[in-house]
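Q: Quick one: the structure is below, questions incoming.
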Amino acid sequence: MRAVLPKFSPLTERRLRAFRANRRGVWALYFFVILFGVSLFSDLIANDRPLLVRYDGALYVPLANAYPETTFGGDFATEADYKDPYLRDLIEQKGWMIWPLVPFRFDTIDKAMEVPAPAPPSFRHWLGTDDQHRDVLSRLLHGFRLSVLFGLTLSVLSSVIGVSAGAVQGYFGGWVDLIFQRLIEIWTSVPSLYVLIIFAAIFKPSITLLILILLQFSWVTLVGLVRAEFLKGRNLDYVTAARTLGQSSGGVIFKQLLPNALVATLTLLPFIVSGSVSTLAALDFLGFGLPASYPSLGEMLRQGKNHLEAPWLGLTSFLAIAVLLSLLVFIGEAVRDAFDPRRSR
Numbered sequence: 007m008r009a010v011l012p013k014f015s016p017l018t019e020r021r022l023r024a025f026r027a028n029r030r031g032v033w034a035l036y037f038f039v040i041l042f043g044v045s046l047f048s049d050l051i052a053n054d055r056p057l058l059v060r061y062d063g064a065l066y067v068p069l070a071n072a073y074p075e076t077t078f079g080g081d082f083a084t085e086a087d088y089k090d091p092y093l094r095d096l097i098e099q100k101g102w103m104i105w106p107l108v109p110f111r112f113d114t115i116d117k118a119m120e121v122p123a124p125a126p127p128s129f130r131h132w133l134g135t136d137d138q139h140r141d142v143l144s145r146l147l148h149g150f151r152l153s154v155l156f157g158l159t160l161s162v163l164s165s166v167i168g169v170s171a172g173a174v175q176g177y178f179g180g181w182v183d184l185i186f187q188r189l190i191e192i193w194t195s196v197p198s199l200y201v202l203i204i205f206a207a208i209f210k211p212s213i214t215l216l217i218l219i220l221l222q223f224s225w226v227t228l229v230g231l232v233r234a235e236f237l238k239g240r241n242l243d244y245v246t247a248a249r250t251l252g253q254s255s256g257g258v259i260f261k262q263l264l265p266n267a268l269v270a271t272l273t274l275l276p277f278i279v280s281g282s283v284s285t286l287a288a289l290d291f292l293g294f295g296l297p298a299s300y301p302s303l304g305e306m307l308r309q310g311k312n313h314l315e316a317p318w319l320g321l322t323s324f325l326a327i328a329v330l331l332s333l334l335v336f337i338g339e340a341v342r343d344a345f346d347p348r349r350s351r
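Take a look at the structure:
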């Protein structure tokens, strides 16, 4: 049977052609998908536990389960340390182990290093180690995944709140719009960095807390754009006809006006993601972001500043942040061209 290809509307096909016409944006999308896809499997690529262990005829998956040392003929009931030479010899006598490509987790401290930290790149650590003898390549993979997921989560949540607030303002207008605008002006005058410093001193830093704090200030980004789209479209003929036919305000907002406003939202979404990633890196660099135990590109950049004698730290983190932000900006430019009516003709 022949595969049935999805059919798009003429407008969607024109937008896809305009997107593909931006070759830089298309290649940036390919590279971003590849890099992000690889980072999603960071636990399988860089980990201090074997992927698979065969011992005495049985198979074990240390990544999914924690096995005591006695399972492999050891003496203690504590969790097995697969890097212990004694335990490794016991396993290899009756089986084998398959290790990840990088046998170090992002928080694994290599105690077998004979050179002082930070150690330069070698066959053991391809990109060297940081000031605590943690593998830089492993932290780079996990940090890339964390930065992208953080940026996507913050961008989606802020977009939902910002679009909702802008839709209410633009559709109802009048006093609702006036009061909302004054409240937004007051709220945006609050210094977000001071709020972060205060909350970091009171509560234990975490990803959830950081997202909630930044969400309080990032949702304002799309309010003005969506508000303008709703103010422009609420008095058009098809909207007036929908009201005349008895459609509720919610139906007019979601079915008539919101699709047009989402076009502008999608155009800015890659730039919002890049801004969220930059914010996380800047906060981690200043020490007000995630805890030091988390893999963070900003924390790696700060180590590069503190250890100028170890250029591999600064260069690795700088190139990772530069490549990630450049890819997101190039994708955003291609999306902007796709939704530009002058280019989609």
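First residue of the sequence shown? That's 7 in our numbering, and the numbers climb one at a time after it.
Glycine included, each C-beta is placed from N, C-alpha and C at the ideal position.
None of the values given here were measured: they were computed from a predicted structure.
(1) When you compare only the Cα positions, how much space is there between residue 275 and residue 262?
(2) Compute the Euclidean distance between the alpha carbons of residue 135 and residue 293, then round it to the nearest angstrom.
(3) Could you tell me which residues DSSP pairs with residue 60 in its beta bridges?
(4) What are the boundary residues of the alpha helix (DSSP H) that includes residue 251?
(5) The alpha helix (DSSP H) with residue 306 in it runs from where to where?
(6) Per DSSP, what kind of secondary structure is residue 315 in: helix, strand or coil?
(7) Could you tell me if residue 36 is buried or exposed, where buried requires 16 or more neighbouring beta carbons within 10 angstroms of its beta carbon?
(8) For residue 30, which beta-bridge partners are listed by DSSP?
(9) Is residue 184 a contact residue of the ligand SAM, with contact defined as CB to any heavy atom under 7 angstroms?
(10) Out of curiosity, what's the CA-to-CA distance linking residue 186 and residue 175?
(11) Straight-line CA distance for residue 6 to residue 334?
(12) At the level of alpha carbons, what is the spacing between residue 16 and residue 142?
(13) For residue 74, which of helix, strand or coil comes out of DSSP?
(14) Find the nearest neighbour of residue 156 within the set 109, 98, 218, judged by alpha-carbon distance.
(15) Measuring straight from C-alpha to C-alpha, what distance separates residue 7 and residue 346?
(16) In chain order, what residues of the same chain have a beta carbon less than 7 angstroms from the beta carbon of residue 4, not counting five sequence neighbours either side?
(17) Give me the DSSP bridge partner(s) of residue 108.
(18) Among 177, 230, 201, 170, whose alpha-carbon lies nearest the alpha-carbon of residue 191?
(19) Give every residue of the same chain whose Cβ lies closer than 6 angstroms to the Cβ of residue 53, excluding the five residues on either side of it in the sequence, and list them in chain order.
(20) Tell me whether the beta-carbon of residue 169 lies closer than 8 angstroms to the beta-carbon of residue 93.
A: Once the coordinates are examined:
(1) 21 angstroms
(2) 20 angstroms
(3) 65, 102
(4) First-last for residue 251: undefined, no H or E at that position.
(5) 303-312
(6) coil
(7) exposed
(8) BP columns for residue 30 are empty, so no partner.
(9) The ligand content of the structure shown is nil, which means the ligand SAM is not present either.
(10) 7 angstroms
(11) The structure shown has nothing for residue 6, since the chain only spans 7 to 351.
(12) 48 angstroms
(13) strand
(14) 218
(15) Because residue 7 carries a pLDDT of 43, less than 50, the predicted location of this residue cannot be relied on, and the following value inherits that uncertainty. Cα-Cα distance, rounded: 38 angstroms.
(16) Here the chain has residues from 7 to 351 only, and residue 4 is not among them.
(17) 52
(18) 230
(19) 106, 111
(20) no
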